[in-house]
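See structure below.
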Amino acid sequence: MLKFRTSGYSGFSVKYSSFFDNKIAVATSANYGLAGNGRLYILSINPNGQITQDIYFDTQDGLFDLSWSEINENHVAASSGDGTIKLFDLHVGTYPVAVWNEHHKEVFSINWNLTDKSSFVSSSWDGTIKVWSANRKQSLVNLSSSSSTFAPTTKPSSVPLSKSQKPGSNLTNTQCVYQAKVSPHAPNLIASVNASSRLQLWDVRSARPLQMDILCHNGLEALGLDWNKYRSTVLATSGVDKTIRVWDLRMITNKFPASHSLNGSNSAPQNEMVGNQLPVRNVTWSPHSSNKLLSCGYDMTARIWDDVTDKRAPRTINNSTGCINSFNNHKEFVIGGDWSLWGEPGWVVTTGWDEMVYVWNSNRRY
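According to the UniProt record's numbering, the sequence shown is numbered sequentially starting from 1.
Quick look at the structure:
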């Protein structure tokens, strides 16, 4: 296990470089992201087993997510609390080389397109999802999470639904989109999750982009999602209800259910993993296995799960049997995590509000 402290800054996102086997980027915020500056760290894992700082970039507002460029090994994009997305070059000064500024509130997620490598997607508290080109100042596509069959009927709240934690109430309390990711199998498909507990699927080629809109976490905020790297129709979501749910898009026959009820089989997940004691903030599928995933939770744990969905008996509840490892070294909320593409399969990196970055082997117990 290796570690590095981001002194004075709480970790929100951490990602391995897709070009270098020893490079890690960490997006952080002062004061737990509530107020103050942000800092983007670029770290290196040295041959002697130490993590060292290469460079850092300071920002005037907190940073909530990051994504390495897929076309330039020295570029990292970071999303900020001031509604901007900033692109940094590791070899060009201390200021961003590009800034995108269309979101009206905090930008919570950014994800580079792994197939069409010239574009990336962002999502924000303002309820929008935007597709960008690295070579253009204006967004290419603008999607609104409220453009569904479930139109808001109440005034949006400035407080996230997770503060109340009342399942099924005020489902349209806010349209905050916590995460949006492009499918690694289809460059035009985007999945997103929002504070109204909805999993939405978008096709940016269509005149009506919204292809699916279902309730996914019992009316509580849906916080994280990821596409499976091997099964093109499978994705996982995580939420305030403390669960991780695995969905197969082929099995959701009713893409726009008439109500928010999850009683019908059409909106049921293929698998549900239970074990966290508090909300699950993030989930990431392994790049080396079709059934393993990493979760980051508010219960101060990072967990490795085994999706044992039986195709002959779908909608199986894994309960605690799905968790095959738990990393308990963090002393605060674990917010971000990522799998290494390099070397022996199983190495992961996690970060959280304890100002720590840990690199650890998920095949070992700590």
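Think of the CB as a built atom: it goes at the ideal place given N, C-alpha and C, for glycine as much as any other residue.
Bridge partner(s) assigned by DSSP for residue i
i, result
"Gly219", "DSSP lists no partner for Gly219."
"Lys86", "Ala78 and Val99"
"Cys176", "Looking at the DSSP assignment, Cys176 forms no beta bridge with any residue, so it has no partner."
"Gly337", "Thr350"
"Gln53", "Leu43"
"Lys255", "Answer is none; Lys255 lacks a bridge partner."
"Ile244", "Ser238 and Met273"
"Ser326", "Arg303"
"Phe20", "The partner list for Phe20 (beta bridge, DSSP) is empty, contrary to what the question assumes."
"Gly224", "Ser238"
"Asn361", "Trp347"
"Phe4", "Val357"
"Lys15", "Ala25"
Where residue i falls, given that 16 or more other Cβ within 10 Å makes a residue buried
i, result
"Met300", "buried"
"Tyr358", "buried"
"Leu278", "exposed"
"Gln175", "buried"
"Gln138", "exposed"
"Arg5", "exposed"
"Gln53", "exposed"
"Ser7", "exposed"
"Arg250", "exposed"
"Phe256", "exposed"
"Lys331", "exposed"
"Glu221", "buried"
"Asn48", "exposed"
"Gln200", "buried"
"residue 368", "Absent from the model: residue 368. The displayed extent of the chain is 1 to 366, so no value can be given."
"Lys15", "buried"
"Gly343", "exposed"
"Asp241", "buried"
"Phe108", "buried"
"Lys292", "buried"
Own chain partners of residue i with C-beta closer than 7 Å, once the 5 adjacent residues on each side are dropped
i, result
"Val246", "Val234, Ala236, Pro269, Gln270, Asn271, Asp307 and Thr309"
"Leu298", "One point to set straight first is that residue 298 is Tyr, not Leu, in the sequence displayed. Correct list, in chain order: Leu278, Pro279, Arg281 and Phe333."
"Asn22", "Ser44 and Ile45"
"Gly127", "Ser144, Ser145, Ser146, Gln175, Cys176 and Val177"
Check: residue i C-beta below 7 Å from any heavy atom of the ligand FMN
i, result
"Asp306", "For the structure depicted, the ligand FMN is absent and the ligand set is empty, with no information on it obtainable."
Close Cβ partners of residue i (< 8 Å) along its chain, the five nearest in sequence each way excluded
i, result
"Asn228", "Val234, Leu235, Ala236, Trp285 and Ser290"
"Tyr366", "Met1, Phe327, Asn328, Asn329 and Trp360"
"Ser17", "Lys23, Ile24, Ala25, Trp68 and Glu73"
6 Å CB neighbourhood of residue i in its chain, flanking five on each side removed
i, result
"Ser158", "At Ser158, the pLDDT of 45 sits below 50, so the modelled position is not reliable and the matter cannot be decided from this model."
"Ser69", "His75"
"Leu114", "Pro184"
"Trp112", "Ser67, Glu70 and Phe120"
"Ser232", "His185"
"Val97", "Leu87 and Asp89"
Given 8 Å, three or more beta-carbon pairs between the stretch 56-74 and the stretch 27-40 = Under the three-pair Cβ rule at 8 Å, the stretch 56-74 counts as touching the stretch 27-40.
Of all the beta strand (DSSP E) runs that stay within the bounds of the UniProt repeat "WD" (273-306), which reach a length of 3 or more residues?
-> Segments of the beta strand (DSSP E) lying fully in the UniProt repeat "WD" (273-306): 280-285, 292-297 and 302-306.
Identify every run of the beta strand (DSSP E) within the stretch 190-219, keeping only runs that are complete inside it and at least 3 residues long; order them along the chain.
-> 198-203 and 210-215
Report yes or no: do three or more beta-carbon pairs, one from the stretch 88-95 and one from the stretch 122-131, lie closer than 8 Å?
-> no
Whole runs of the beta strand (DSSP E) within the UniProt repeat "WD" (100-142), excluding any shorter than 3 residues = 107-112, 119-124 and 128-133
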